[in-house]
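Peer 1: Mapping the sequence shown onto the numbering used here, position 87 (from 1) lands on 93, and the numbers just tick up by one.
Got a structure for you, written out below as structure tokens; questions coming shortly.
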Amino acid sequence: MFDLITNFSADVKAGPTWVYYWVNFMGLAFVLSIPFAFKRGEARWIAFATLVAAPIIMLALYHKLGYERVLGWGHIIAWTPVLFYLWKRRATWQVKETWAGKWIALTVTVMCVSLAFDIVDVMRYALGERV
């Protein structure tokens, strides 16, 4: 398992520089779900989707197919239901009043931007384009 994660990280780093920085920025934003999860249900769902579900799906795909555009399915499957849940609860975020609210808004934005790339990548993979 450690080798799988190490190889995946090396493949990300070997790709375009902006992707490497984007992945690291996302990781930082998602790790912040841990302290917020002690008080906010939204953060618990974000933590599960970003730190557990998506990595498991992506590493399984990576193990089978390698570093390919199809890895976007990990985000699509894990994050889409959480984003619907968060959107329905947006009135409770308290963006102006709390740091947690600001973080939720940032995280939702990060997830949506990443999903836009992921959807395009999965479509390109489906059309036969490989990395």
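No residue lacks a Cβ here, since even glycine has one placed at the ideal position from N, Cα and C.
These numbers come from a predicted model, not from an experiment.
Where does T56 fall in DSSP's three states?
Peer 2: The answer is helix: DSSP assigns T56 an H, G or I state.
Peer 1: Buried or exposed: which applies to E48, given that a residue is buried once 16 or more other Cβ atoms fall within 10 Å of its Cβ?
Peer 2: Buried: at least 16 other Cβ atoms inside 10 Å.
Peer 1: Just to confirm my understanding: we take G80, look at its own chain, exclude 5 residues before and 5 after, and list those with CB closer than 6 Å. What are they?
Peer 2: A60, I63, M64.
Peer 1: If you measure between the beta carbons of E74 and Y131, is that distance less than 8 Å?
Peer 2: Closer than 8 Å, so yes.
Peer 1: Going by DSSP, what residue range makes up the alpha helix (DSSP H) through A106?
Peer 2: 105-132 is the extent of the alpha helix (DSSP H) around A106.
Peer 1: Can you tell me where the alpha helix (DSSP H) with K102 in it begins and where it stops?
Peer 2: It is not in any alpha helix (DSSP H) - K102 carries neither H nor E in the DSSP assignment.
Peer 1: Between which two residues does the alpha helix (DSSP H) containing G21 stretch?
Peer 2: No alpha helix (DSSP H) holds G21; DSSP gives it neither H nor E.
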